[in-house]
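Below: the structure, in structure tokens.
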Amino acid sequence: MKFNNIKIAAIAVLISLTAYNCSNDDDSKEPSGPDFSGNYIQEDQMARPAINTVFVSMGQKDAFNVTVPSNQGAAYQSSFESRLLALNPGYTTNALGMDAATFTGALATDVLTVSLDGTTTFFDGTNVLTGRALADDVIDVELLLIFGGPMGTDNGPVTSDHVDANDKPFLSSFPYLAAPHM
Amino acid sequence: MKKTKILVGVAVITVAGFFAIAADHIDAPAVTGGTNDITDFYAFQGQDNNNIVFVANVQGLLSPTATQNAKFDENTMIEINIDTDGDAVEDLVIQAIPKDGKMYFFGPVAPAQAGLMSTVRTSGMSSSVGITAAGANAVVATNAGKSFFAGPRDDPFFFDFDQFNAILAGTATGFNDPGTDKFKGTNVLSVVVEVPKTMIGGSGNINSWVETKRKQ
């Protein structure tokens, strides 16, 4: 019994020494660390919420996921515009003053702009697309921009889903997301 | 007969298109339901205003039971891409790769090359963190002002997905008030990284996005 305890203690010490080496020693000279060799090929990507799902047609969804953002605008703007006008045939401009071509041009290059100088939000009434915070009601913002017209007052029944917050409160500190449902 | 079949086929495809709508959950045939399926991406200022937090979620709509068995895929790299000069081409990446119960992080570091193929930037090794077990307290690693987490969390996304589908299908004319959050009670696998702004451009705007890449 005792001997086993000593063995376990020895193993624990060994493990802790190894672990210490892994996390804090010179990174490039690990003699027996995990294998990180090889090539990794892209399969999925996203930036702004719901872009691929809403604006890309079924047959192009996989292709969109492996089109680099710098090529997305040229490849997808016109089909995004068709999709927008199919969703809302009465679209003229939206609350950001963007006509269909301008709005879909902005959407087709699917990157999330993030400000390093202050407030980060999808939209908070003042700041537009300066990031995406956990509590941002991104679906309402997108519904409003797609269906709400120039004043945000058109098509009232479809410009908010009336789900305004997450089912669990977020944390004020790292890792910010709520604990999982168990 | 044939024409009917074709029409039914078109209808099925159309309906499938309507139903595949969420943030990026189940967004495309090749990734839907896979370990590489990204559900959401967030980027926001941290509790410390000098930092930016990136959140990449994969494997959506996990029930509490499914969460017990959910695992990051050791052959899938989760790569956060950062464009610091406004051309929508990544100048920096943060790579996360799971091995033997730990998530290894590299970066922010310049990629070996931009685009669809990546190699692990081992020279940019940042940290590793034990993947938090379902139901356990969050395990957090810190290094050089950066913080790292990997493990199951509540899905932060909220949306009355079913009513939206009903509207598109023509069986409803508007949303209900209050709506019903389809994602209530479901979990995702999350990677959360907080980095000083000075490591990703310092000031002004960046563009960012997340990718999953499979080892060949």
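Protein sequences, first through last, are from chains F and W.
In this text, residue positions in the first sequence follow our numbering: the first is 1, and each later residue adds one.
In this text, residue positions in the second sequence follow our numbering: the first is 183, and each later residue adds one.
Don't be surprised by glycine CBs; every beta carbon is placed ideally from N, CA and C.
Among the residues of chain F, those whose CB is under 9 Å from the CB of W/Gly386 are Ser115, Leu116 and Asp117, following chain order. The C-beta of F/Met151 has fewer than 16 other C-beta atoms within 10 Å across all chains shown, which makes the residue exposed. Any Cβ of chain W closer than 8 Å to the Cβ of F/Asp167 would place that residue at the interface, and such an atom is present. By the Cβ test, the segment 319 to 327 of chain W is not in contact with the segment 291 to 303 of chain W, since fewer than three Cβ pairs between them sit closer than 8 Å.
Inclusion of W/Phe340 and F/Ala165 in the CB contact set at 8 Å is warranted, their separation being smaller than that value. Gly131, Arg132, Ala133, Leu134 and Ile139: these are the residues of the segment 126 to 146 of chain F whose beta carbon lies less than 7 Å from some beta carbon of chain W, given in chain order.
Taken in chain order, the whole beta strand (DSSP E) runs of length 3 or more contained in the segment 93 to 124 of chain F are 112 to 115. Proximity of the segment 116 to 132 of chain F to the segment 211 to 230 of chain W meets the contact definition, three or more beta-carbon pairs being nearer than 8 Å.
Inclusion of W/Ile313 and W/Gly333 in the CB contact set at 8 Å is warranted, their separation being smaller than that value. In the structure shown, the three-state DSSP call for W/Asp222 is strand. In its chain, beyond the 5 residues on either side, Thr109, Asp110 and Val111 have a beta carbon closer than 7 Å to the beta carbon of F/Pro69. The distance from the Cβ of W/Leu244 to that of W/Val370 is about 6 Å, consistent with a contact at the 8 Å cut-off. Residue range Tyr40 to Met46 is occupied by the beta strand (DSSP E) that includes F/Asp44. Residues of chain W whose Cβ lies closer than 7 Å to the Cβ of F/Thr109 are, in chain order, Ala270. Note that the segment 246 to 254 of chain W does not touch the segment 263 to 276 of chain W; fewer than 3 beta-carbon pairs, one per stretch, sit closer than 8 Å.
The beta-carbon of W/Ile279 is placed less than 8 Å from the nearest beta-carbon of chain F.
Inter-segment contact for the segment 70 to 83 of chain F and the segment 335 to 349 of chain W is absent: fewer than three beta-carbon pairs are separated by less than 8 Å. The three-state secondary structure of F/Asp35, taken from DSSP, is coil.
W/Asn233 is bridged by DSSP to W/Pro378. In the DSSP assignment, F/Ser79 falls outside any beta strand (DSSP E) and within the unbroken alpha helix (DSSP H) covering Pro69 to Leu87.
If you check each beta-carbon in the segment 328 to 355 of chain W against every beta-carbon of chain F, the ones closer than 7 Å belong to Ser329, Phe331, Pro334, Arg335, Asp336, Pro338, Phe340, Phe341, Asp342, Gln345, Phe346, Ile349 and Thr355. Secondary structure of W/Thr394 (DSSP, three-state): strand. A Cβ-Cβ separation of about 17 Å leaves F/Asn71 out of contact with W/Ala210 under the 8 Å criterion. In the DSSP assignment, W/Phe343 falls within the alpha helix (DSSP H) that extends over Phe343 to Ala351. According to the DSSP assignment, W/Gln277 belongs to the beta strand (DSSP E) that extends over Leu274 to Lys281. Looking at W/Thr258, W/Gly386, W/Ala315 and W/Gly361, the one whose alpha-carbon comes closest to that of F/Gly118 is W/Gly386.
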